[in-house]
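Student: Residue numbers (this note's numbering): 431 to 762.
Take a look at the following structure, please.
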Amino acid sequence: MNDALKPVPEPTLSDVAALAGVSRAIASRALSAQPRPVSADKRERVLRAAETLGFRPNPLARGLASKTVNLVAILVNHIHDLSDLDLFDLLLAEIQAIGKQVIFIRVGDGEHAETLLRDSVAYHVDAALVFSDFADAATVRRMFRNNAVLMLNGHQDACAPSVTMDEDQGIRAAVADAAAKGVRSALLLTGRTMSLVEQARIGYYRAALARHGIALLGELAGDYSYASGRALARQIDVDATGAVFCTSDAMAMGVLDAHRQHFPQHRPQRFRLYGFDNISLTQFDAYPISSIGADRRDYVAQIVRILSDPAHLVQGCGQVLVATRFVPRLTG
Numbered sequence: 431m432n433d434a435l436k437p438v439p440e441p442t443l444s445d446v447a448a449l450a451g452v453s454r455a456i457a458s459r460a461l462s463a464q465p466r467p468v469s470a471d472k473r474e475r476v477l478r479a480a481e482t483l484g485f486r487p488n489p490l491a492r493g494l495a496s497k498t499v500n501l502v503a504i505l506v507n508h509i510h511d512l513s514d515l516d517l518f519d520l521l522l523a524e525i526q527a528i529g530k531q532v533i534f535i536r537v538g539d540g541e542h543a544e545t546l547l548r549d550s551v552a553y554h555v556d557a558a559l560v561f562s563d564f565a566d567a568a569t570v571r572r573m574f575r576n577n578a579v580l581m582l583n584g585h586q587d588a589c590a591p592s593v594t595m596d597e598d599q600g601i602r603a604a605v606a607d608a609a610a611k612g613v614r615s616a617l618l619l620t621g622r623t624m625s626l627v628e629q630a631r632i633g634y635y636r637a638a639l640a641r642h643g644i645a646l647l648g649e650l651a652g653d654y655s656y657a658s659g660r661a662l663a664r665q666i667d668v669d670a671t672g673a674v675f676c677t678s679d680a681m682a683m684g685v686l687d688a689h690r691q692h693f694p695q696h697r698p699q700r701f702r703l704y705g706f707d708n709i710s711l712t713q714f715d716a717y718p719i720s721s722i723g724a725d726r727r728d729y730v731a732q733i734v735r736i737l738s739d740p741a742h743l744v745q746g747c748g749q750v751l752v753a754t755r756f757v758p759r760l761t762g
């Protein structure tokens, strides 16, 4: 082969160390994304040598040496709900801030969940964050061959830490708000009723409505999406219903758009409307929906705190509840 056509060998960490006049171990510490002890002078020499040579650290090689890959798997059903966008944008930023990267594994509607989870064993990750309600802690540990599993879907066990929201608190406040405004009947629009989190949420609504003597006219199941909320809106008897509670803001947005005539200047004329998740869009003029939600920054901070502590992550410590609150807006 013509020498001009031969591939130029990639510079190695040893090349960088030799040019900087330091040991390979010091060069590795200087280039690490984690704060590791090395003098300012040596760090500067190493960074200058790396730039001169065009050296880029190899995360895989670093992971093989340290037995970590700084990679976190996030298991989701799908990402189409507006609340997902608000949450995952923040979560990715905070995970990257601690020197890790993320892969998403989309389980879908559950029909092929077992196959997808089984295939996930091909990924070597330091930890798995489980949002999908089709996955339990034991299955995820087995599939990834890793005990570092954080549950966020209600399927935790004694061996897995979890972060969940105290939804009862916010729901009680929202229903109390409706009762104080004279509501005596209500309709509940739900998401996937097979979800443990959703089942608990529905139970909280039933209990809160009964506590205030508000008749529950019915429960209509959707899938948290705007489209399902808009479709279910056709079943609302506006003459008999005092309030509509939706278990996602996206569904409440669909209801609001389907019944704009009953919300002049966004204020309720026939029935009051409450959402859930307190997504960012409810803070804008188009969808001023009364909602329930947790402080996302607190929620994400609790996730990252456990993720950053391997001992807590693998020993089942850290069963954390994050408070929710009611946020009144015009539609309520």
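We put the beta carbon where it would ideally sit given N, CA and C, even for glycine.
None of the values given here were measured: they were computed from a predicted structure.
Would a check of beta-carbon distances place I722 closer than 9 Å to chain C?
Tutor: Absent from the structure is chain C; it holds one protein chain and no more.
Student: Can you tell me whether D725 is buried or exposed? The criterion is at least 16 other CB atoms within 10 Å of its CB, across all chains shown.
Tutor: Here residue 725 refers to the residue found at position 295 of the sequence shown. D725 is exposed by the Cβ-count criterion.
Student: Who are G723's beta bridge partners in DSSP?
Tutor: The count along the sequence shown starts at 1 and reaches residue 723 at position 293. G723 pairs with R755.
Student: Please name the residue, chosen from Q713, D707, I709 and F706, that lies closest to H696 on a Cα-to-Cα basis.
Tutor: Numbered from 1 along the sequence shown, position 266 holds the residue referred to as residue 696. Cα-wise, what sits closest to H696 is Q713.
Student: Suppose contacts are defined by Cβ-Cβ distances below 9 Å. Is I722 in contact with F756 by that definition?
Tutor: By 1-based counting over the sequence shown, the position of residue 722 is 292. By 1-based counting over the sequence shown, the position of residue 756 is 326. Contact flag set, yes.
Student: With DSSP run on the structure shown, which of helix, strand or coil describes V506?
Tutor: To locate residue 506, count along the sequence shown from 1; it is residue 76. V506: strand per DSSP, three-state reduction.
Student: Hey, F534 and A578: beta-carbon distance below 9 Å or not?
Tutor: The count along the sequence shown starts at 1 and reaches residue 534 at position 104. The count along the sequence shown starts at 1 and reaches residue 578 at position 148. Their beta carbons are not under 9 Å apart, which means F534 does not touch A578 by this criterion.
Student: How about A603 and H642: are their beta carbons less than 9 Å apart?
Tutor: Counted from its first residue, the sequence shown places residue 603 at position 173. Counted from its first residue, the sequence shown places residue 642 at position 212. No, the pair does not count as a contact, with Cβ atoms beyond the cut-off.
Student: Go ahead and pull the three-state DSSP assignment for G648.
Tutor: Here residue 648 refers to the residue found at position 218 when the sequence shown is read from its first residue. If DSSP states are grouped into helix, strand and coil, G648 belongs with the strands.
Student: Quick check on DSSP: helix, strand or coil for M681?
Tutor: Here residue 681 refers to the residue found at position 251 of the sequence shown. Helix.
Student: With burial defined as no fewer than 16 other Cβ atoms inside 10 Å of the residue's Cβ, what is the status of Q586: buried or exposed?
Tutor: Within the sequence shown, residue 586 is the residue found at index 156, counting from 1. Result: buried.
Student: Can you tell which of Y634, L646, R622 and A640 has its C-alpha closest to the C-alpha of G659?
Tutor: The residue labelled residue 659 in the question sits at position 229 within the sequence shown. If we check each option's Cα against that of G659, R622 comes out closest.
Student: For the alpha helix (DSSP H) that S655 lies in, which residues bound it at each end?
Tutor: On the sequence shown, position 225 is the one that residue 655 refers to. It is not in any alpha helix (DSSP H) - S655 carries neither H nor E in the DSSP assignment.
Student: Just to confirm my understanding: we take L494, look at its own chain, exclude 5 residues before and 5 after, and list those with CB closer than 8 Å. What are they?
Tutor: The residue you call residue 494 lines up with position 64 of the sequence shown. For L494, the predicted model reports a pLDDT of 46, less than 50, meaning its position is unreliable; a value from the coordinates is still stated below. Nothing meets the Cβ criterion.
Student: State the Cα-Cα distance for the pair A640 and L515, rounded to the nearest angstrom.
Tutor: Residue numbering aside, residue 640 sits at position 210 when the sequence shown is read from its first letter. Residue numbering aside, residue 515 sits at position 85 when the sequence shown is read from its first letter. Distance between the alpha carbons of A640 and L515: 34 Å.
Student: Is it right to say R631 is buried, meaning 16 or more other beta carbons lie within 10 angstroms of its own, or is it exposed?
Tutor: Along the sequence shown, read from residue 1 onward, the residue named residue 631 stands at position 201. Buried, because 16 or more other Cβ atoms sit within 10 Å of the Cβ of R631.
Student: For I666, which of A682, S655, S678 and Y654 has the nearest alpha-carbon?
Tutor: The count along the sequence shown starts at 1 and reaches residue 666 at position 236. Selected option, being the one with the closest Cα: A682.
Student: Could you check what DSSP says for Q749 in three-state terms: helix, strand or coil?
Tutor: Against the sequence shown, residue 749 aligns to sequence position 319. Strand at Q749.
Student: Distance check for L626 and G529, CA to CA, integer angstroms please.
Tutor: Working through the sequence shown from its first residue, we reach residue 529 at position 99. Working through the sequence shown from its first residue, we reach residue 626 at position 196. Answer to the nearest angstrom: the Cα atoms are 32 Å apart.
Student: Alpha carbon to alpha carbon, what distance is there between Q531 and A457?
Tutor: As a first step, residue 457 must be located in the sequence shown, where it is residue number 27. As a first step, residue 531 must be located in the sequence shown, where it is residue number 101. So the alpha carbons of these two residues sit roughly 22 Å apart.
Student: Report all residues from its chain with a CB closer than 8 Å to the CB of Y634; omit the five preceding and five following residues, and keep chain order.
Tutor: The residue given as residue 634 occupies position 204 in the sequence shown. If we look at Y634 and ignore the five residues flanking it on each side, its Cβ neighbours are E597, D598, I601 and R602.
Student: Alpha carbon to alpha carbon, how far is V537 from A558?
Tutor: Locating residue 537 in the sequence shown gives position 107, where the first residue counts as 1. Locating residue 558 in the sequence shown gives position 128, where the first residue counts as 1. Roughly 14 Å separates the two Cα atoms.
Student: Looking only at its own chain, which residues have a Cβ that is under 6 Å from the Cβ of L522, when we skip the five neighbours before and after it?
Tutor: Position 92 of the sequence shown holds residue 522. Closer than 6 Å at the Cβ level, and outside the excluded window around L522, lie V532.
Student: Determine the contact status of A661 and G648, defining contact as a CB-CB distance below 9 Å.
Tutor: The residue labelled residue 661 in the question sits at position 231 within the sequence shown. The residue labelled residue 648 in the question sits at position 218 within the sequence shown. Contact flag unset, no.
Student: Work out the CA separation of Q526 and R759 for me, nearest whole Å.
Tutor: For this step, residue 759 is matched to residue 329 along the sequence shown. For this step, residue 526 is matched to residue 96 along the sequence shown. Roughly 34 Å between the two C-alpha positions.
Student: Mind checking who D596 pairs with in its DSSP beta bridge?
Tutor: Counting from 1 along the sequence shown, the entry for residue 596 is found at position 166. Answer by DSSP bridge pairing, in chain order: A753.
Student: So, with DSSP's three-state summary, where would you put Q699?
Tutor: Within the sequence shown, residue 699 is the residue found at index 269, counting from 1. If DSSP states are grouped into helix, strand and coil, Q699 belongs with coil.
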